[in-house]
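Position 90 of the sequence shown, counted from 1, bears residue number 113 in my numbering, the numbering being contiguous throughout.
Even glycine gets a Cβ: it sits at the ideal position worked out from N, Cα and C.
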Amino acid sequence: MIPFSGNPLNRLSEKRADAAWIAEKLRHPDTLILPLWRLHPFLSGAGDAPRAGFVRPGLVDGLAAPDAVSVFLGLDGERAMFALDVSAAEDPAAALAGLGEFRELRGAAALLPAGDLAILGQARAMIDWHQRHGFCAKCGAPTIAGDAGNKRVCTACKTEHFPRTDPVAIMLATEGDACLLGRNKNWAADSFSALAGFMEPGESIEEAVRRELNEEAGVVAGAVRYVASQPWPFPSQLMIGCFAECESRALKLDDSELAEAR
Ligand SMILES: [Zn+2]
């Protein structure tokens, strides 16, 4: 399983705009809430074997500000699951003492079960998006959440804004039996990775792969083959994994990006 993929929830997007249905789910005794505090999700269980820390609504009602964002994540069977931003609380962990702790998701990711990790990534990406989009990109007026936290609407010009996902191409360049790995100039001396870069408007995935390889390492790629993709909620990328066949191993590095490549 690719980390952050394989979300088990039924997102039921057609119900997001049904305010009466959402309100009924929020009152339902079976509903569960995942609180996030300053983008750290609540995790239950032992420190080395955490789970997504969903709790009963009554436990978090007093923690969220009146205008706090809640996001309908989807259904687990018949049970509705929401994320709730409790960032306004000074010490929400105290109110949830004994049940778990708020933890930085990236550091805990390798310890979490795949399905939980995918839900936590969804929740973190959504709450982060709300925190960054309090004002309309068209006219500058405040925006408010709508559709159970799945869009924002401008209070002045009524423009609707939807959660964003930024595509990133990540590519393993190959030539014969060799592949190309690089080390970003900001990384530790022994950290190497496939090269990656944000896609630009008006570009196909294949074109972005060839451009990034040429800009960063000076290599010329021919055939590009898509392999798999991965959501990356820090804050909202989609990593698009490709293989790229290169014509030679000659490198010409962009030293503003790469310290080293082999
Ligand atoms: Zn506006």
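Original post:
If you follow the beta strand (DSSP E) that D108 is part of, which residue opens it and which one closes it?
Top reply: On the sequence shown, residue 108 is found 85 positions in, with the first residue counted as 1. Unbroken beta strand (DSSP E) run through D108: 102 to 108.
**OP:** List the whole-angstrom C-beta distance separating L195 from A217, where the pair is believed to meet the contact cut-off of C-beta under 8 Å.
**Re:** As a working note, residue 195 is residue 172 in the sequence shown. As a working note, residue 217 is residue 194 in the sequence shown. Contact flag correct, Cβ pair sits at about 5 Å.
Original post:
Cα separation between L128 and L276?
Top reply: Translated into the one-based positions of the sequence shown, residue 128 becomes position 105. Translated into the one-based positions of the sequence shown, residue 276 becomes position 253. So the alpha carbons of these two residues sit roughly 33 Å apart.
Original post:
Comparing the CB of A164 with every heavy atom of ligand 3, is any distance shorter than 6 Å?
Top reply: Inclusion of ligand 3 in the displayed structure is not the case, the ligand content consisting of ligand 1 alone.
Original post:
Using a Cβ-Cβ cut-off of 6 Å (strictly less than) and excluding sequence neighbours within five positions of A91, which residues of its own chain qualify?
Top reply: Along the sequence shown, read from residue 1 onward, the residue named residue 91 stands at position 68. D108, listed in sequence order.
Subject >> Contacting residues, own chain, Cβ-Cβ under 7 Å from F77 (five flanking each side not counted) >> reply: Here residue 77 refers to the residue found at position 54 when the sequence shown is read from its first residue. Excluding residues within five positions, the ones whose Cβ falls inside 7 Å are L55, I56, L57, M104.
**OP:** For D53, count neighbouring C-beta atoms within 10 Å of its own C-beta (all shown protein chains included) and say buried if the count is 16 or more, exposed if not.
**Re:** On the sequence shown, position 30 is the one that residue 53 refers to. So D53 counts as exposed.
Subject >> Span of the beta strand (DSSP E) around N207 >> reply: Numbered from its first residue, the sequence shown carries residue 207 at position 184. Element bounds for N207: 205 to 207.
**OP:** In the DSSP assignment, find the unbroken beta strand (DSSP E) run with A251 in it and report its ends.
**Re:** Locating residue 251 in the sequence shown gives position 228, counting from the first residue. Note, A251: beta strand (DSSP E), 244 to 255.
Subject >> Residue nearest to N209 in terms of C-alpha spacing, selected from A132, L281, E37, D71 >> reply: Translated into positions along the sequence shown, residue 209 becomes position 186. Nearest option by C-alpha distance: L281.
Original post:
From P254, E183, R155, D99, pick the residue whose C-alpha is nearest to that of R61; which is it?
Top reply: Numbered from 1 along the sequence shown, position 38 holds the residue referred to as residue 61. Checking every option, the nearest Cα to that of R61 belongs to R155.
Original post:
Around the Cβ of M24, are there at least 16 other Cβ atoms within 10 angstroms (buried) or fewer (exposed)?
Top reply: Looking up residue 24 in the sequence shown gives position 1. With fewer than 16 Cβ atoms within 10 Å of its Cβ, M24 is classed as exposed.
Original post:
Once you ignore the five residues that flank V250 on each side, which residues in its own chain have a CB closer than 7 Å to its CB?
Top reply: For the purposes of this step, residue 250 is taken as the residue at position 227 of the sequence shown. Non-local C-beta neighbours of V250 in its own chain, meaning closer than 7 Å and more than five positions away in sequence, comprise G264, C265, F266, ordered along the chain.
Original post:
I167 bridges to which residues according to DSSP?
Top reply: Counting from one through the sequence shown, the residue named residue 167 turns up at place 144. In DSSP, I167 forms a bridge with V176.
Original post:
So, are the CB atoms of S227 and G172 less than 7 Å apart?
Top reply: As a first step, residue 227 must be located in the sequence shown, where it is residue number 204. As a first step, residue 172 must be located in the sequence shown, where it is residue number 149. Taking 7 Å as the Cβ cut-off, S227 and G172 do not qualify as a contacting pair.
Original post:
Cβ of F221 within 7 Å of Cβ of L204?
Top reply: Within the sequence shown, the letter at position 198 stands for residue 221. Within the sequence shown, the letter at position 181 stands for residue 204. It is not a contact, given that the beta carbons lie outside the stated cut-off.
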